[in-house]
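Presented below is the structure to which this report refers.
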Amino acid sequence: MTNDTTPPAGGISRRHVLKGAAAVAGAAVGSGAIQGFPTIWAQNIKDIKLLHVGQSYSAIKEIGAQASKDLGFTVEIQVVDPNTQLNRLLTQPKTIDINDMESFDVKRLQGKKILRPVNVKEYKLYDKTVPMYTTGKYPDGREVSRQGTSPFSVQYWADKDGSKLSHYQATDWLTGIPMIYNADTLGMRPDLVGRKIEHWHELLNPEFKGKAALVGYPGIGIMDVAMALESRGDLKYADKGNMTKAEIDKTIEIMIPLKKSGHFRAFWEAFDQSVNLMASGEVVLQSMWSPAVTAVKSRGISCYYAPLKEGYRGWFSLLSPMAHLTGLKADCAMQYLNWYNSGWQGGFIAKQGYYSAVPETAKNFMTADEWGYWYEGKPAQADIKDPYGQLMDKAGSTRDGGSFWDRIGNIACWNTQMDEDKYLTKRWNDFVSA
Amino acid sequence: MKIPPTLVSWLQVGPTALLLMFFFFIPMLVVIAVSFFDYQDGSIVETFILDNYRDVFTSAVTLTEYFNSLKFAAIVWALTLLIGFNVAYFLVFHVHGVLLQIGLFLVCTVPFWTSNIIRMISWLPVLGKNGLINSALIKLGIINTPLEFLLYSDFAVIVGYVHLFTLFMVVPIFNSMARIDRSLLEAARDAGAGRFRIVYEVVLPLSKTGIALGSIFVITQVMGDFFVVKVMSGSQSTSVVSALYNQVNALQYPPAAASAVCLLAVVTLMVAAILRVVDVRKQLAS
Numbered sequence: 000m001t002n003d004t005t006p007p008a009g010g011i012s013r014r015h016v017l018k019g020a021a022a023v024a025g026a027a028v029g030s031g032a033i034q035g036f037p038t039i040w041a042q043n044i045k046d047i048k049l050l051h052v053g054q055s056y057s058a059i060k061e062i063g064a065q066a067s068k069d070l071g072f073t074v075e076i077q078v079v080d081p082n083t084q085l086n087r088l089l090t091q092p093k094t095i096d097i098n099d100m101e102s103f104d105v106k107r108l109q110g111k112k113i114l115r116p117v118n119v120k121e122y123k124l125y126d127k128t129v130p131m132y133t134t135g136k137y138p139d140g141r142e143v144s145r146q147g148t149s150p151f152s153v154q155y156w157a158d159k160d161g162s163k164l165s166h167y168q169a170t171d172w173l174t175g176i177p178m179i180y181n182a183d184t185l186g187m188r189p190d191l192v193g194r195k196i197e198h199w200h201e202l203l204n205p206e207f208k209g210k211a212a213l214v215g216y217p218g219i220g221i222m223d224v225a226m227a228l229e230s231r232g233d234l235k236y237a238d239k240g241n242m243t244k245a246e247i248d249k250t251i252e253i254m255i256p257l258k259k260s261g262h263f264r265a266f267w268e269a270f271d272q273s274v275n276l277m278a279s280g281e282v283v284l285q286s287m288w289s290p291a292v293t294a295v296k297s298r299g300i301s302c303y304y305a306p307l308k309e310g311y312r313g314w315f316s317l318l319s320p321m322a323h324l325t326g327l328k329a330d331c332a333m334q335y336l337n338w339y340n341s342g343w344q345g346g347f348i349a350k351q352g353y354y355s356a357v358p359e360t361a362k363n364f365m366t367a368d369e370w371g372y373w374y375e376g377k378p379a380q381a382d383i384k385d386p387y388g389q390l391m392d393k394a395g396s397t398r399d400g401g402s403f404w405d406r407i408g409n410i411a412c413w414n415t416q417m418d419e420d421k422y423l424t425k426r427w428n429d430f431v432s433a
Numbered sequence: 000m001k002i003p004p005t006l007v008s009w010l011q012v013g014p015t016a017l018l019l020m021f022f023f024f025i026p027m028l029v030v031i032a033v034s035f036f037d038y039q040d041g042s043i044v045e046t047f048i049l050d051n052y053r054d055v056f057t058s059a060v061t062l063t064e065y066f067n068s069l070k071f072a073a074i075v076w077a078l079t080l081l082i083g084f085n086v087a088y089f090l091v092f093h094v095h096g097v098l099l100q101i102g103l104f105l106v107c108t109v110p111f112w113t114s115n116i117i118r119m120i121s122w123l124p125v126l127g128k129n130g131l132i133n134s135a136l137i138k139l140g141i142i143n144t145p146l147e148f149l150l151y152s153d154f155a156v157i158v159g160y161v162h163l164f165t166l167f168m169v170v171p172i173f174n175s176m177a178r179i180d181r182s183l184l185e186a187a188r189d190a191g192a193g194r195f196r197i198v199y200e201v202v203l204p205l206s207k208t209g210i211a212l213g214s215i216f217v218i219t220q221v222m223g224d225f226f227v228v229k230v231m232s233g234s235q236s237t238s239v240v241s242a243l244y245n246q247v248n249a250l251q252y253p254p255a256a257a258s259a260v261c262l263l264a265v266v267t268l269m270v271a272a273i274l275r276v277v278d279v280r281k282q283l284a285s
């Protein structure tokens, strides 16, 4: 019965010894104590496998494959929905090695010792990171909106144990490295709307009765409505990203009659639903994500990601190693994090319309024309293709909303989980069942 | 060696009982326990509270949702019964030859060869504003503007349910009808009963078991659904489970558990009521 899968009782198997040796060697190399042992490193790491778990828009298997090729160990990518991920984080953290999640979920992990705080000194690209993460300011000195979960508010732990977040105060301990981010707004069908859309309040305009749709996630859907209500002048929120019970009530009270009158054609919860709603002409104006707009365009149907005067709703994700990683695996995780923003990934996601936290590295993995189109808002010289070679936009066109700073520099509030989350879910259920 | 008869029964019941024990009763007890706990930030706090149930019973939404689900269940039940009964009747009494019967029966299952999601999504291009039905009606000059109620409405939800669940009615009714002794029908005919009277007084009572089983399938499925409601109504309509699903998504397990327990109680009562009207066991044994 006994074979090499079961170590002899009381003894130490060959495998264990190797693992231990590898860990020691890895730790030594990783800490930079010993130089000049690349061969040992390469041999030890080739059996390492890191499981990167994240959402469909950021956990992309091509990125894992490229990382594996560049780094010499294996990065496996697994896509789950956000709720499953949070569930696994809280109940089975060991089923994840590298955690990739939307910013605000980190608030739930304070003091839980699930994520491993990242020392800024170990993260080599820290100094090149877009300053809205590290100082809360844009390069021109303006302060980034603090409504909702803004980057600077959840970027740092207060201490090396991650016992709590250090809001708006930089420390040596990162909650994770900033990865994919974008600015969201309303998508529209120019051919069916027939005029310019410049304000959020158009979402509630009776002109679009039965032709408007809203994202169905309570925390995000209510923020899009809040943008619209503020723009229409109905309400003024202290913080759209953290409403009081009274503000939630007022918002829902306005939304219920709208829903009853048939203003909204649908509430979508999945990316492809939003694409189908728009492409089929069921709706002409709705909450949308940037790649959904391009997915509609790629079917030859006109679709516009309208820049609005009141600004965008921003979001971003963080990539963190898990606390249970030790030894060589932990070192490899740090290698992966350092690789992550070193350019290849940034170039890849740029072609889907997302931004890198270290744009200057991404630039090296894009053609000048691609960089001009995606980051600088310049007209494309040639046809713009996505990372898979699909046509995204024709030569001569410019990106909706313009350049990187025109879009990211104009974020009004950030995706978040409000303090009154329980109450919001309850009232949102009132709304959808009305 | 002779095994005592009581032991035989225990051995026969045993595997199923164990399965139900581990995969139904114990999880159910956990759900019931959780429904009395508090929660915070996605974690369950183990303090005994009744708030979850208080919220279920005092919320106006609960009422709307139950009303919605019961409404859907009633309408879908009536439609699937009507269609299912007729399809089964046709297959049993009008189709001659077992091979043809089985062939046609398989045809009924064709929509089930693909996934539930695909089946639901395929309705969108049919019922949409620019969909098959609307564009056909407009081209024929019957209507000028597309009928919006066809999709993202209660109508669409019912279409989806009937499409999905009619087969669950056909199968048990078919099964009951196939056991009916043909000589009974001849006797009724000889005694002067007309076609409808035979159906009403002979076939219908003898299909009761199948109807009851089919009804249980259909009603429990509708009461427990949130997906069809979500897709076909564009999340505009809600069922009991859609609110529960929202709570699970927000990691608010205790209130979700409380509504699950309430729903279970309601559905159990409904099934009990059906079984009270039709003694399925007696019918199956005969």
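Those protein sequences? They're chains A and B, same order as listed. Just so it is clear: in the first sequence, position 290 is 289 by numbering that gives the first Met the number 0, and no numbers are missing. Just so it is clear: in the second sequence, position 177 is 176 by numbering that gives the first Met the number 0, and no numbers are missing. All C-beta atoms, glycine included, are put in the ideal place defined by N, C-alpha and C.
Relative to chain A, which residues along the region 145 to 162 of chain B have a C-beta separation below 9 Å, given in chain order? Across the region 145 to 162 of chain B, CB contacts with chain A closer than 9 Å involve Glu147, Leu150, Tyr151, in sequence order along the chain.
Report the residue ranges of all beta strand (DSSP E) runs contained in full by the region 381 to 406 of chain A; include only those spanning at least 3 residues, in chain order. 390 to 392
Whose Cβ in chain A lies nearer than 7 Å to the Cβ of Asp40/B? Sequence index remark: in the second sequence, residue 40/B carries index 41 (1-based). One finds Arg107 in chain A with Cβ atoms closer than 7 Å to the Cβ of Asp40/B, taken in chain order.
Answer with buried or exposed for Pro256/A, where buried requires no fewer than 16 other C-beta atoms within 10 angstroms of its C-beta. Translated into positions along the first sequence, residue 256/A becomes position 257. So Pro256/A counts as exposed.
Pull out every residue of the region 35 to 62 of chain B whose Cβ sits closer than 7 Å to any Cβ of chain A, in chain order. Asp40, Gly41, Ser42, Val60
Sub-8 Å separation of Asn161/B and Leu78/B beta-carbons: Position 162 of the second sequence, counted from the first residue, corresponds to residue 161/B. Position 79 of the second sequence, counted from the first residue, corresponds to residue 78/B. Looking at the sequence provided, one finds Val at residue 161/B rather than Asn. Going by C-beta atoms, Val161/B is nearer than 8 Å to Leu78/B.
Under 8 Å between C-beta atoms, does Glu206/A make it to chain B? By 1-based counting over the first sequence, the position of residue 206/A is 207. False, the Cβ-Cβ gap to chain B never drops below 8 Å.
Would you say Ala177/B lies against chain A (beta-carbon separation less than 8 Å)? As a first step, residue 177/B must be located in the second sequence, where it is residue number 178. By this cut-off, Ala177/B is not an interface position.
Terminal residues of the beta strand (DSSP E) in which Cys412/A lies: The count along the first sequence starts at 1 and reaches residue 412/A at position 413. Cys412/A -> beta strand (DSSP E) spans 410 to 413.
First through last residue of the alpha helix (DSSP H) which encompasses Gly220/A: By one-based count along the first sequence, residue 220/A stands at place 221. Element bounds for Gly220/A: 217 to 231.
C-beta contact flag for Gly175/A and Gln416/A at 8 Å: As a position in the first sequence, residue 175/A is number 176, starting the count at 1. As a position in the first sequence, residue 416/A is number 417, starting the count at 1. The answer is no: Cβ separation not under 8 Å.
So if DSSP puts Leu212/B in a beta bridge, which residue, or which two residues, is it bridged to? What you label residue 212/B is simply residue 213 of the second sequence in a count that begins at 1. Partner(s): none; Leu212/B has no beta bridge.
Distance check for Ala305/A and Ala255/B, CA to CA, integer angstroms please. Indexing the second sequence from 1 puts residue 255/B at position 256. Indexing the first sequence from 1 puts residue 305/A at position 306. Put simply, the backbone Cα of Ala255/B is about 38 Å away from that of Ala305/A.
Going along chain B in order, which residues have a C-beta closer than 8 Å to the C-beta of Asn98/A? As a position in the first sequence, residue 98/A is number 99, starting the count at 1. Those do not exist, as Asn98/A stays about 15 Å from chain B at its closest Cβ, beyond 8 Å.
Chain B within 8 Å of Thr250/A, Cβ atoms only: Start at 1 with the first residue of the first sequence, and residue 250/A comes out as number 251. Not one chain B Cβ lies under 8 Å of Thr250/A.
I need the DSSP call for Ala356/A, collapsed to helix, strand or coil. Residue numbering aside, residue 356/A sits at position 357 when the first sequence is read from its first letter. Residue state, collapsed to three classes: coil.
For Asn98/A and Ile210/B, the rounded distance between their alpha carbons: The sequence position of residue 210/B within the second sequence is 211, counting from 1. The sequence position of residue 98/A within the first sequence is 99, counting from 1. Approximately 51 Å, taken between the alpha carbons.
Whole-angstrom distance between Asp405/A and Asp382/A, CA atom to CA atom: Mapped onto the first sequence, residue 382/A falls at position 383. Mapped onto the first sequence, residue 405/A falls at position 406. If you take the alpha carbons of Asp382/A and Asp405/A, they lie about 22 Å apart.
Near-chain B residues of the region 413 to 432 of chain A - C-beta to any C-beta below 8 Å: Against chain B - using a Cβ distance shorter than 8 Å - the residues of the region 413 to 432 of chain A are Asp420, Lys421, Thr424, Lys425, Trp427, Asn428, Asp429, Val431, Ser432.
Beta carbon proximity, Asn82/A to chain B, threshold 8 Å: Taking the first residue of the first sequence as 1, we reach residue 82/A at position 83. Closer than 8 Å: yes.
Neighbourhood of Gln34/A by C-beta distance below 6 Å, restricted to the same chain and skipping five residues each side: In the first sequence, residue 34/A corresponds to position 35, counting from 1. Residue confidence for Gln34/A is low, a pLDDT of 48 falling below 50, so the modelled location carries little weight; the figure read from the coordinates is stated next. Excluding positions up to five away in sequence, the list is empty.
Nearest-angstrom Cα separation, counted from Pro177/A out to Ser236/B: In the second sequence, the residue the question calls residue 236/B occupies position 237. In the first sequence, the residue the question calls residue 177/A occupies position 178. For Ser236/B and Pro177/A, the distance between alpha carbons rounds to 38 Å.
Closest Cβ-Cβ distance between Gly175/A and chain B: below 8 Å? Taking the first sequence and counting its residues from 1, one reaches residue 175/A at position 176. Not an interface residue.
Less than 8 Å separating the beta-carbons of Asn287/B and Leu149/B? Since the first residue of chain B shown is 0 and the last is 285, residue 287/B is not available in this structure.
So with Cβ pairs under 8 Å, would you call Arg188/A a contact of chain B? For the purposes of this step, residue 188/A is taken as the residue at position 189 of the first sequence. Answer no: the Cβ-Cβ gap between Arg188/A and chain B never drops below 8 Å.
Counting along the chain, where does the beta strand (DSSP E) carrying Lys48/A start and finish? By 1-based counting over the first sequence, the position of residue 48/A is 49. Element bounds for Lys48/A: 48 to 53.
Segment limits, alpha helix (DSSP H) that includes Val266/B: As a working note, residue 266/B is residue 267 in the second sequence. Unbroken alpha helix (DSSP H) run through Val266/B: 252 to 276.
Within 10 angstroms of the Cβ of Met20/B, are there 16 or more other Cβ atoms? Answer buried if so, exposed if not. For the purposes of this step, residue 20/B is taken as the residue at position 21 of the second sequence. Answer is exposed; the Cβ neighbour count stays below 16.
Less than 8 Å separating the beta-carbons of Ser234/B and Ala225/A? Position 235 of the second sequence, counted from the start, is the residue given in the question as residue 234/B. Position 226 of the first sequence, counted from the start, is the residue given in the question as residue 225/A. In this structure, Ala225/A does not lie closer than 8 Å to Ser234/B by Cβ.
Keeping to the same chain, check which residues put their C-beta closer than 6 Å to that of Gly313/A; ignore five residues upstream and five downstream. On the first sequence, residue 313/A is found 314 positions in, with the first residue counted as 1. Ala182, Ile410, Trp413, listed in sequence order.
In the region 250 to 263 of chain B, which residues sit with their C-beta less than 9 Å from some C-beta in chain A, listed in chain order? Leu250, Gln251, Pro254
Please tell me whether Asn275/A has its Cβ less than 8 Å away from any Cβ of chain B. Within the first sequence, the letter at position 276 stands for residue 275/A. Taking Cβ atoms only, chain B reaches closer than 8 Å to Asn275/A, which makes this a yes.
Complete runs of the beta strand (DSSP E) confined to the region 164 to 251 of chain B [at least 3 residues]: none
Partner residues on chain A for Ser234/B, Cβ-Cβ distance less than 7 Å: In the second sequence, counting from the first residue as 1, residue 234/B sits at position 235. Those are Gly215, Ala265, Phe266, Glu268, Val431, listed as they occur along chain A.
When the cut-off is 8 Å and only beta carbons count, does Gly223/B lie next to chain A? On the second sequence, position 224 is the one that residue 223/B refers to. Judged by the 8 Å Cβ criterion, Gly223/B is not in contact with chain A.
Rounding to the nearest angstrom, what Cα-Cα distance links Leu284/A and Ser273/A in this structure? Along the first sequence, one-based indexing puts residue 284/A at 285. Along the first sequence, one-based indexing puts residue 273/A at 274. Approximately 10 Å between the Cα atoms of the pair.
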